[in-house]
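**Q** Mapping of the sequence shown onto my numbering: residues 1 to 1195, in sequence order.
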Amino acid sequence: MARQQPPPWVHPAFLLCLLGLGGAIEIPMDPSIQNELTQPPTITKQSVKDHIVDPRDNILIECEAKGNPAPSFHWTRNSRFFNIAKDPRVSMRRRSGTLVIDFRSGGRPEEYEGEYQCFARNKFGTALSNRIRLQVSKSPLWPKENLDPVVVQEGAPLTLQCNPPPGLPSPVIFWMSSSMEPITQDKRVSQGHSGDLYFSNVMLQDMQTDYSCNARFHFTHTIQQKNPFTLKVLTNNPYNDSSLRNHPDMYSARGVAERTPSFMYPQGTASSQMVLRGMDLLLECIASGVPTPDIAWYKKGGDLPSDKAKFENFNKALRITNVSEEDSGEYFCLASNKMGSIRHTISVRVKAAPYWLDEPKNLILAPGEDGRLVCRANGNPKPTVQWMVNGEPLQSAPPNPNREVAGDTIIFRDTQISSRAVYQCNTSNEHGYLLANAFVSVLDVPPRMLSPRNQLIRVILYNRTRLDCPFFGSPIPTLRWFKNGQGSNLDGGNYHVYENGSLEIKMIRKEDQGIYTCVATNILGKAENQVRLEVKDPTRIYRMPEDQTAKRGTTVQLECRVKHDPSLKLTVSWLKDDEPLYIGNRMKKEDDSLTIFGVAERDQGSYTCVASTELDQDLAKASLTVLAEQTTTTNGLAALPKGRPDRPRDLELTDLAERSVRLTWIPGDANNSPITDYVVQFEEDQFQPGVWHDHSKFPGSVNSAVLRLSPYVNYQFRVIAINEVGSSHPSLPSERYRTSGAPPESNPGDVRGEGTRKNNMEITWTPMNATSAFGPNLRYIVKWRRRETREAWNNATVWGSRYVVGQTPVYVPYEIRVQAENDFGKGPEPDTVIGYSGEDYPRAAPTEVKVRVTNSTAISLQWNRVYPDTVQGQLREYRAYYWRESSLLKNLWVSQKRQQASFPGDRLRGVVSRLFPYSNYKLEMVVVNGRGDGPRSETKEFTTPEGVPSAPRRLRVRQPNLETINLEWDHPEHPNGILTGYTLRYVAFNGTKVGKQIVENFSPNQTKFTVQRTDPVSRYRFTLSARTQVGSGETVTEESPAPPNEATPTAAYTNNQADIATQGWFIGLMCAIALLVLILLIVCFIKRSRGGKYPVREKKDVPLGPEDPKEEDGSFDYSDEDNKPLQGSQTSLDGTIKQQESDDSLVDYGEGGEGQFNEDGSFIGQYTVKKDKEETEGNESSEATSPVNAIYSLA
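As structure tokens, then:
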């Protein structure tokens, strides 16, 4: 049966909670409450701090607030009162503080630039907006200038400066030619972040176009164009042969001298950059050189953050998104080509504008209550905190004896109605500020109910339900529940009252039906509401559909008889294979059955009867198997399929006694598989109604058994048959039989006493089940007393499974007993269990803490134990908190994350290991009990000596030719000291043969080495380690690449491998290749003897005209190709060469039509995102001449 679901209104969104020092009240969202209660102003909407506006539109500066009564608004401009009434262009929206500055009748928007702040005020306080800096967008014109041609030697570097006009916001820069063609960018030619265009080396082909810098302005939707640059390239080879562009050694082919890389931006070998936390860090390195250098990025002492780092602009830029303090450090870019490499180091410092750790929140209190406002922020440098009240500095506000300021916290004690105000916290540093409003409101409200009166709740018998009674009041009212007007408060036993006032009934019984009254009371009065609870009988399928096997074409009936509460509407539906069943012409659904006429194979499956009311439902499932036409075996007997047994039936109880009963049943059909076992199950209706438990198991030859019973249980039995195929459906339940009661014969188990707070002890136990209760009204007698005091026993009677003893001393032992009792008497005398009251935080710290450095990664600690009475609980452990303050290596960033080492038990010494060598550490000791940490000991500082370094990172082995092997590596991630050098050990090996090991020592700055090979066959194994004064550290091992023909070990070093030249398959392959070569030679000889005509199979630049007679046989006369036009050009009728039309232009950035230019060359046409254009290319096939085609042509 589906679990009872409470109606939606049973879970209201009203919570009352305690915050800070006292009870902070949360105002319900009920509109009637919101409209009646007074409230200081709260800013709900405002413009951004840096507000940039379009000069062509009216200016809006937003400021909206709520409060009761509704607040009034005024503004300041540049910290002075802004008189709106005196300016006809400025108005304020109705019921809002939003400013509207209208320029339809003229005026200059620039006159209104400045810093604005909005004030929302009612009689209970004043709230402030942020300081809004208003700026008007600007898109200035490019200054006129005449640019001389730029003369540059081929292969030299070049920078074309853009220097765009300073717009607001900054424009987007892109480069095009004067004919509106985009400048193609690649590794050699690219645009920097500043907008300048960089040529790592200039080539003759760069003269073919000019270069114009364009600035696109966001607000005005205009593009400003600079006068174009024209290049004049001086070269030793004036012929711009396009065939050399893809030449593997293009530069030497054009006579350009190769050069080592040098940096064009930034200049020099080192620079620094500052970035704010949360922003993007963009590092850029652009290098010149011949050939064009490659750029690689690294971070000193660590890896690049893979989840945040990405490379841009052909690897010339590194972007790290959402920067945090861990991203500070030294980064370097490495520019390299085959002539050499250089690197540039960029020192990155991460600062931070203020960000919230604990933003102040509105505080609503009752008269006489305490509370606090907390304003905590962090930043770099550390931000300062300034408190204001109603927009004025707190220092100049009238004194308030109930208010105390403690740095970032304001404490309120014994608040009164006069304490209402709006407080502002302004935290700032040189990079920005944060401003937060939080009001303090003191309410004096009598209790009131928030839910409809006299609600009706209908619940299914034996279910769990909850009655909610949402209420509000200030001070927070107390809530009590009563039933049918009785004077006793409902709490305990079958009832549980939550802190928010909801009443839970753990298991609904018939006698729980009635009228429940909730009463909310505070010092100002009381309010009450009533809820009527009706208990309904559950919906039960008492005759369930049975599994059936039917022949095709027969009729099947599935029964489903239901018992339900007559006051609820019953709906019976059917599912087939867990999907809704379509009732077609062959089916008939009645209230208690489903009939299928003319059964077909598609009717086979599982059928589920679903009986439901608006409160609950019950399910029963059966399977239908459809048999095909019967086939007979050779002896004429039909094969009999095996199946699960049918359910037992006709259960009968006889020989009724106080502690036993005889159960008899009639077995169902075994379905061609003998029944092996019967399982008897029982259900009781008091503790777990509807839940069946296994009672006993009997052999399959038995159909009657005597069952042992417990006192005072209302039993109901059912039987399940089992054979080798599976279990039958349970039988229908027997009639109920209740045994007589008796005192309990046992007590609850797992009795414990533990403190949940420092001044209590919670006694818990495992409750007894129905078969051990032995009588009605099972309850527990809980006794306790302090151990060794021999004081009188305290006792309480409890209906649940826990009891809390209050006002206990801190962590003292108690003797505890829990005894079961019902209406027939008490259980046996219980055992005594020792429990402890709650623990408090330890009061003392370990003293005389001594630190001894044992090696570079470990220290030993020794301390004096604390006195037992200061532990205030069970001593769990001594704990050391330590953190790495800094490294002795300069400019090495370290994480200062706190770590801990635990020393369980009452110990006086311990060891802390896995420290970083060559570092400064700090350490504190605490005592830990079950409640938590005690106070911290005096901070100890210590320094770890040098250690051995970690392995060098990224050892790379490259083999450019058969004579040399190049090695490169990076410094260790953890130097653990001052590096003194590197040690390289390498050895040649070939199969199982190993040569003599060679050792090389390098300086700490060397990260490259070239090995001259002694023979081209052997491979090399390299082992590299770094050294400090302590010794060599971890090693990294790599092997040189295998020679190209070394797919498997060669025959020279294997004794079992046969000579390949003697293999039959190899001889056959060589013969086939020789025959194919012979055929090709014959074909070529025959073709040559026919004359100089060849089949046209290749793509030509100039297609043959349809009138050309040579096209008929697909051939043409061989002639000199040197006089033909270059590929990519077209020949006109007069023989001149036409330049191909561009498929990309600045017009594509417009919305159609022609762009317009002012006299100064600026483009002022509207633009949009560049549109996609379709490119069409001829699909001319190219077919290679094969030997097969050649043979066919001979025919």
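A virtual CB, placed ideally from N, CA and C, is assigned to each residue, including glycine.
(1) Tell me which same chain residues have a C-beta within less than 7 Å of the C-beta of N769, skipping the five on either side of it?
(2) Can you look up T631 in the DSSP assignment and give me helix, strand or coil?
(3) In the DSSP assignment, what residue or residues form a beta bridge with Y814?
(4) Which same chain residues end up closer than 6 Å to E821 when comparing Cβ atoms and leaving out the 5 residues on each side of it in sequence?
(5) In chain order, what residues of the same chain have a beta carbon less than 8 Å from the beta carbon of I43, not counting five sequence neighbours either side?
(6) In the DSSP assignment, what residue or residues form a beta bridge with Q225?
(7) Can you give the Cα-Cα distance for L204 and L99, rounded to whole angstroms?
(8) How many angstroms separate the CA atom of P447 from the CA atom of Q395?
(9) Give me the Cβ distance between C560 and I541, rounded to the nearest whole Å; I'm assuming they're in contact under 8 Å.
(10) Among the residues of its own chain, which have a CB less than 6 Å from the CB of V833, if the five just before and after it don't count?
(11) Looking at T944 and K922, is the spacing between their C-beta atoms short of 8 Å?
(12) Considering P41, what are the terminal residues of the beta strand (DSSP E) in which it resides?
(13) Might you give, ordered along the chain, the residues of its own chain that have their beta carbon closer than 7 Å to the beta carbon of V256, omitting 5 neighbours on each side?
(14) Unbroken beta strand (DSSP E) runs of length 3 or more, entirely within the stretch 106-171: which are they?
(15) Report all residues from its chain with a CB closer than 8 Å to the CB of I863; omit the five preceding and five following residues, and keep chain order.
(16) If you drop the 5 nearest sequence neighbours on each side, which residues of the same chain put their C-beta closer than 8 Å to that of T676?
(17) When DSSP labels each residue in this structure, what does P904 get in the three-state scheme?
(18) Is there at least one Cβ from chain E nearer than 8 Å to N794's Cβ?
(19) With distances taken between CB atoms, is the gap from G680 to L663 smaller than 8 Å?
(20) With C-beta atoms as the reference, is N402 less than 8 Å away from R420?
(21) By Cβ distance, which residues of its chain are closer than 6 Å to M587, with the 5 residues on each side in sequence left out?
(22) Mind pulling the beta strand (DSSP E) runs of 3 or more residues that sit fully within the stretch 511-557?
(23) How far does the beta strand (DSSP E) with A770 in it reach, from first residue to last?
(24) Got a sec? Which residues, its chain only, sit under 7 Å from N929 by beta carbon, not counting five neighbours each side?
(25) Taking the alpha helix (DSSP H) that V871 falls in, what are its first and last residues?
(26) Report all residues from its chain with a CB closer than 6 Å to the CB of N1055; omit the five preceding and five following residues, and keep chain order.
(27) By Cβ distance, which residues of its chain are closer than 8 Å to T409, with the 5 residues on each side in sequence left out?
(28) When every heavy atom of the ligand SAH is checked, does at least one fall within less than 7 Å of the C-beta of G514?
(29) Among the candidates M264, S139, D537 and T549, whose CA atom is the shortest distance from the CA of P566?
(30) Quick check: the Cα distance between Y1149 and G432, rounded to an integer number of angstroms?
(31) Mapping the DSSP letters down to three states, classify C333 as helix, strand or coil.
(32) Is the CB-CB distance between V987 and R1013 below 8 Å?
(33) Alpha carbon to alpha carbon, how far is S731 from I33? Give it in angstroms, no decimals.
(34) How many angstroms separate the CA atom of A406 from the CA atom of S272?
(35) For I722, does the three-state DSSP call read helix, strand or coil?
(36) State the Cα-Cα distance for the pair Q208 and T230, rounded to the nearest angstrom.
**A** In brief:
(1) Counting from one through the sequence shown, the residue named residue 769 turns up at place 769. Excluding positions up to five away in sequence, the list reads F687.
(2) Within the sequence shown, residue 631 is the residue found at index 631, counting from 1. The pLDDT assigned to T631 is 46, lower than 50, so where the model puts this residue is not dependable; a value taken from the coordinates is nonetheless given after this. The answer is coil: DSSP assigns T631 none of H, G, I, E or B.
(3) Against the sequence shown, residue 814 aligns to sequence position 814. According to DSSP, Y814 shares a beta bridge with R786 and G835.
(4) Position 821 of the sequence shown, counted from the first residue, corresponds to residue 821. The beta carbon of E821 sits closer than 6 Å to the beta carbons of R779 and I781 from its chain, once the five residues preceding and following it are set aside; these are given in chain order.
(5) Residue 43 sits at position 43 when you count from the first residue of the sequence shown. The beta carbon of I43 sits closer than 8 Å to the beta carbons of C63, E64, A65, C118, A120, A127, L128, S129 and N437 from its chain, once the five residues preceding and following it are set aside; these are given in chain order.
(6) Translated into positions along the sequence shown, residue 225 becomes position 225. Answer by DSSP bridge pairing, in chain order: N214.
(7) Residue mapping note: residue 204 aligns to position 204 of the sequence shown, counting from 1. Residue mapping note: residue 99 aligns to position 99 of the sequence shown, counting from 1. Cα to Cα, L204 sits roughly 60 Å from L99.
(8) By 1-based counting over the sequence shown, the position of residue 447 is 447. By 1-based counting over the sequence shown, the position of residue 395 is 395. Separation of P447 and Q395 (C-alpha to C-alpha, rounded to the nearest whole angstrom) is 38 Å.
(9) Within the sequence shown, residue 560 is the residue found at index 560, counting from 1. Within the sequence shown, residue 541 is the residue found at index 541, counting from 1. 6 Å between Cβ atoms; contact.
(10) Position 833 of the sequence shown, counted from the first residue, corresponds to residue 833. The residues are V751 and I816.
(11) In the sequence shown, counting from the first residue as 1, residue 922 sits at position 922. In the sequence shown, counting from the first residue as 1, residue 944 sits at position 944. It is not a contact, given that the beta carbons lie outside the stated cut-off.
(12) The sequence position of residue 41 within the sequence shown is 41, counting from 1. Residues Q39 to Q46.
(13) Locating residue 256 in the sequence shown gives position 256, where the first residue counts as 1. Cβ within range, chain order: E154, G155 and V290.
(14) Runs of the beta strand (DSSP E) inside the stretch 106-171: 114-122, 125-128, 132-136, 150-153 and 158-160.
(15) Here the question's residue 863 lines up with position 863 in the sequence shown. First, the residue type needs correcting, since residue 863 is Trp and not Ile in the sequence shown. Counting only Cβ-Cβ distances below 8 Å, and skipping sequence neighbours, we find P846, T847, E848, V849, K850, Y878, L908, R909, M925 and S937.
(16) Counting from one through the sequence shown, the residue named residue 676 turns up at place 676. For T676, where only same-chain residues beyond five positions count, the Cβ hits under 8 Å are P699, G700, I722, N723 and E724.
(17) On the sequence shown, position 904 is the one that residue 904 refers to. P904 falls in the strand class under three-state DSSP.
(18) Among the chains in the structure shown there is no chain E, since it carries only a single protein chain.
(19) Numbered from its first residue, the sequence shown carries residue 680 at position 680. Numbered from its first residue, the sequence shown carries residue 663 at position 663. The sequence given here places Val at residue 680; Gly does not occur at that position. For V680 and L663, yes; Cβs fall inside 8 Å.
(20) On the sequence shown, residue 402 is found 402 positions in, with the first residue counted as 1. On the sequence shown, residue 420 is found 420 positions in, with the first residue counted as 1. Against a cut-off of 8 Å, the Cβ pair of R420 and N402 comes out as no contact.
(21) The count along the sequence shown starts at 1 and reaches residue 587 at position 587. If we look at M587 and ignore the five residues flanking it on each side, its Cβ neighbours are I596.
(22) With a minimum length of 3 residues, the continuous beta strand (DSSP E) runs that stay inside the stretch 511-557 are 514-522, 525-536, 540-543 and 548-551.
(23) The residue labelled residue 770 in the question sits at position 770 within the sequence shown. From DSSP, A770 is part of no beta strand (DSSP E) but of the alpha helix (DSSP H) over A770 to A773.
(24) What you label residue 929 is simply residue 929 of the sequence shown in a count that begins at 1. Result list for N929: E839, P842, V871, Q872, G873, Q874, L875 and R876, in chain order.
(25) Translated into positions along the sequence shown, residue 871 becomes position 871. That run of the alpha helix (DSSP H) goes P868 to V871.
(26) Taking the sequence shown and counting its residues from 1, the one referred to as residue 1055 is at position 1055. In this prediction, N1055 scores a pLDDT of 38, lower than 50, which makes its location untrustworthy; no coordinate-derived value is stated.
(27) In the sequence shown, residue 409 corresponds to position 409, counting from 1. R372, L373, V374 and C375.
(28) Looking for the ligand SAH in the displayed structure turns up nothing, as the structure carries no ligands at all.
(29) Mapped onto the sequence shown, residue 566 falls at position 566. When the alpha-carbon of P566 is set against those of M264, S139, D537 and T549, the nearest one is in D537.
(30) One-based indexing of the sequence shown puts residue 1149 at position 1149. One-based indexing of the sequence shown puts residue 432 at position 432. With a pLDDT of only 40 at Y1149, under the threshold of 50, the placement of this residue in the model should not be trusted; the figure read from the coordinates follows. Spanning the alpha carbons of Y1149 and G432 requires a straight line of approximately 38 Å.
(31) The residue you call residue 333 lines up with position 333 of the sequence shown. Here C333 carries a strand assignment [DSSP, helix/strand/coil].
(32) Taking the first residue of the sequence shown as 1, we reach residue 987 at position 987. Taking the first residue of the sequence shown as 1, we reach residue 1013 at position 1013. Their beta carbons are not under 8 Å apart, which means V987 does not touch R1013 by this criterion.
(33) Indexing the sequence shown from 1 puts residue 33 at position 33. Indexing the sequence shown from 1 puts residue 731 at position 731. A direct Cα-Cα distance of roughly 58 Å separates I33 from S731.
(34) Translated into the one-based positions of the sequence shown, residue 406 becomes position 406. Translated into the one-based positions of the sequence shown, residue 272 becomes position 272. A406 and S272 have their C-alpha atoms roughly 39 Å apart.
(35) As a first step, residue 722 must be located in the sequence shown, where it is residue number 722. I722: strand per DSSP, three-state reduction.
(36) Mapped onto the sequence shown, residue 208 falls at position 208. Mapped onto the sequence shown, residue 230 falls at position 230. Here the alpha carbon of Q208 sits roughly 9 Å from the alpha carbon of T230.
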